[in-house]
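The working numbering numbers the first residue of the sequence shown as 4 and each following residue consecutively. Heads up, the beta-carbon is just placed ideally off N, CA and C, and yes, glycines get one too. Here is the structure we will look at.
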Amino acid sequence: VNVERRALRDAAQRATDDVTSFRRDPRSLATSELGRFNDSGLRNLALRRLFTRVPLAARLLGWLAGRGGDGMSAKVTLLAAEGVYWRTVRSLLSPGEWSGLTQGPVILMYHAIGGARETASRYIIPRERFERQIAWLRARRYRFATLRQVAEERAGGLSPARTVVVTFDDGYRDNAAPLLAQRVPATIFVVTECAGGSNEWDAEGPLRERALLGWDELRALSAAGIEVGGHSSTHPILTSLSPERLEEEIRSSLLNLRRELGPGHYTFAYPHGRFNAQTKQAVEAARGGDNARYTAAACSRGGVNDPAVPQYELRRVEIKGTDSFLSFILMVELGRRTTASQLLRSLLFGE
Ligand SMILES: [Zn+2]
Numbered sequence: 004v005n006v007e008r009r010a011l012r013d014a015a016q017r018a019t020d021d022v023t024s025f026r027r028d029p030r031s032l033a034t035s036e037l038g039r040f041n042d043s044g045l046r047n048l049a050l051r052r053l054f055t056r057v058p059l060a061a062r063l064l065g066w067l068a069g070r071g072g073d074g075m076s077a078k079v080t081l082l083a084a085e086g087v088y089w090r091t092v093r094s095l096l097s098p099g100e101w102s103g104l105t106q107g108p109v110i111l112m113y114h115a116i117g118g119a120r121e122t123a124s125r126y127i128i129p130r131e132r133f134e135r136q137i138a139w140l141r142a143r144r145y146r147f148a149t150l151r152q153v154a155e156e157r158a159g160g161l162s163p164a165r166t167v168v169v170t171f172d173d174g175y176r177d178n179a180a181p182l183l184a185q186r187v188p189a190t191i192f193v194v195t196e197c198a199g200g201s202n203e204w205d206a207e208g209p210l211r212e213r214a215l216l217g218w219d220e221l222r223a224l225s226a227a228g229i230e231v232g233g234h235s236s237t238h239p240i241l242t243s244l245s246p247e248r249l250e251e252e253i254r255s256s257l258l259n260l261r262r263e264l265g266p267g268h269y270t271f272a273y274p275h276g277r278f279n280a281q282t283k284q285a286v287e288a289a290r291g292g293d294n295a296r297y298t299a300a301a302c303s304r305g306g307v308n309d310p311a312v313p314q315y316e317l318r319r320v321e322i323k324g325t326d327s328f329l330s331f332i333l334m335v336e337l338g339r340r341t342t343a344s345q346l347l348r349s350l351l352f353g354e
């Protein structure tokens with residue numbers, strides 16, 4: 004048996020084994036290749052989608068496999084083996100399982116929503132633009148969820164396909180009216196010591212001194228289905244703190260949330276998106292009494308939240324206030340920051 008044929012046969016066997024483990028325990032996805040469909044370059048991802056969706060491409064793959072891949076280059080063998088792996092997986096799963104596995108939650112990150120006369124910038128999105136984006140997600144039948152919901156679903160297995168989580172960092176007062184008007188489930192991460200005050204942590208920039216939601220407003224949002232999560236107590240760069248201050252920043256944010264909003268499970272977003280092993284550990288270990296704890300944390304690294312993405316490292320795609328509508332669509336569909344020209348380049352040249 005030649006090397007190429009063996010590679011393709013092994014891929015099919017690996018797929019069968021991984022699906023068997025998944026059936027036995029869905030949590031096995033955390034460590035298996037099966038749980039990483041989107042964790043790849045854009046060109047590879049496009050090929051995966053092609054091989055698993057387009058019958059002609061699949062037939063070509065079958066033909067390649069059938070003739071034992073004689074004379075195939077190593078690179079083509081690798082791509083074909085990947086194709087065989089995912090084709091086999093798809094044939095063994097139900098359509099619902101397959102879409103849940105390959106179309107994991109995409110978490111969007113916003114900051115402030117601009118008023119009528121404010122200019123768009125990275126952190127400030129004009130209200131109309133935001134509303135147009137939400138309308139598009141609705142029209143395309145994406146499912147909206149809070150981060151807490153997604154964290155719970157992931158802990159037990161798969162989230163429903165095409166789930167989108169709309170998140171806002173810092174807790175700006177301007178978030179409230181548009182979110183309530185749109186009736187969209189969302190998650191707002193608040194800087195607990197600063198609630199009701201303003202952004203004092205930025206030395207400069209358009210967000211400096213911007214008003215923050217107070218606890219009464221946050222309680223009203225929470226009652227309307229908006230999740231309120233933690234974003235530390237004072238918005239430091241967590242990775243630069245001593246172990247004691249790190250623990251204090253996170254624990255006191257959780258204590259504040261419990262005191263103001265009640266006991267239960269909360270989610271967290273790392274200030275400035277910065278985290279490391281110690282930060283993750285501190286968030287996971289924090290306890291706020293009455294069973295209050297952080298069950299997941301989001302960073303600002305882009306990507307689809309495949310089952311293998313760790314619960315305290317959830318990927319988020321930053322939506323900048325200046326992004327075009329086309330970029331927005333690409334970012335939601337692909338779960339990562341990209342522009343049309345970058346997408347084209349990576350498809351053509353594998354960059
Ligand atoms: Zn922030």
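Query	Result
With R230 as the anchor, note down where its beta strand (DSSP E) starts and where it stops.	The sequence shown places Glu at residue 230, not Arg. Where E230 is concerned, the enclosing beta strand (DSSP E) stretches over 230-233.
Please confirm whether V187 and S235 have their CB atoms less than 8 angstroms apart.	no
Please determine, among S225, P274, E134, the residue with the shortest C-alpha to C-alpha distance to G267.	S225
Please list the terminal residues of the continuous alpha helix (DSSP H) segment that includes F54.	45-56
Within 10 angstroms of the Cβ of E247, are there 16 or more other Cβ atoms? Answer buried if so, exposed if not.	exposed
Mind checking whether T282 and L241 have CB atoms under 8 angstroms apart?	yes
What is the chain-ordered set of residues for which the beta carbon lies under 6 angstroms from any non-hydrogen atom of ligand 1?	D172, D173, H234, H238, P274
Measuring alpha carbon to alpha carbon, tell me which of T91, T80, L337, S76 ends up nearest D20.	T91
Looking at the secondary structure, which residues open and close the alpha helix (DSSP H) in which L1 lies?	Given that the chain is displayed from residue 4 to residue 354, the structure contains no residue 1 and the question cannot be resolved.
Would you tell me roughly how many angstroms separate the C-alpha atoms of W218 and F25, rounded to the nearest one?	43 angstroms
How about A299 and L150: do their beta carbons lie closer than 8 angstroms?	yes
Kindly identify the DSSP beta-bridge partner or partners of G99.	DSSP output for G99 lists no bridge partner at all.
Do E196 and T237 have their C-beta atoms closer together than 8 angstroms?	yes
Assuming S303 contacts E321 (C-beta within less than 8 angstroms), just tell me the rounded distance between them.	6 angstroms
So what's H268 in DSSP terms, helix, strand or just coil?	strand
With a floor of 4 residues, list each alpha helix (DSSP H) that falls wholly inside the segment 270-328, ordered by position along the chain.	280-288
Can we say the segment 105-122 touches the segment 167-176, given the rule of at least three CB pairs closer than 8 angstroms?	yes
Where does the unbroken beta strand (DSSP E) through F352 begin, and where does it stop?	Careful: F352 lies outside any beta strand (DSSP E), inside the alpha helix (DSSP H) at 343-352.
Reducing DSSP to helix, strand and coil, say where E145 ends up.	Reading off the sequence shown, one finds Tyr at residue 145, where the question assumed Glu. If DSSP states are grouped into helix, strand and coil, Y145 belongs with coil.
Determine the contact status of R51 and W89, defining contact as a CB-CB distance below 8 angstroms.	yes
Evaluate G86 with the Cβ neighbour count: other Cβ atoms within 10 Å of its Cβ, from every protein chain shown; 16 or more gives buried, anything less gives exposed.	buried
For the beta strand (DSSP E) containing V167, name the first residue and the last one.	166-173
Around the C-beta of G292, are 16 or more other C-beta atoms found within 10 angstroms, so that it is buried, or is it exposed?	exposed
Between which two residues does the alpha helix (DSSP H) containing V22 stretch?	6-27
In terms of DSSP beta bridges, what is V193 paired with?	D173, G233
Under the DSSP definition of a beta bridge, which residues are partnered with L63?	Its beta-bridge partners do not exist; DSSP assigns none.
Do P239 and G107 count as a contact pair if the criterion is CB distance below 8 angstroms?	no
Which residues in the same chain have their Cβ closer than 7 angstroms to the Cβ of T55, if we skip the five residues on either side of it in sequence?	W89, R90, R93
Can you tell me the Cα-Cα spacing of A179 and A189, whole angstroms?	11 angstroms
To the nearest angstrom, how far is it from the Cα of G233 to the Cα of A83?	44 angstroms
In the DSSP assignment, the alpha helix (DSSP H) including P181 goes from what residue to what residue?	179-185
DSSP three-state label for G86, please.	helix
Are the beta-carbon atoms of R144 and F328 separated by less than 8 angstroms?	no
So which of E7, Y315, L351 has the shortest CA-CA distance to A158?	Y315
Please report the Cβ distance between T166 and R146, rounded to the nearest whole angstrom; I am assuming they are in contact, meaning their Cβ atoms lie under 8 angstroms.	5 angstroms
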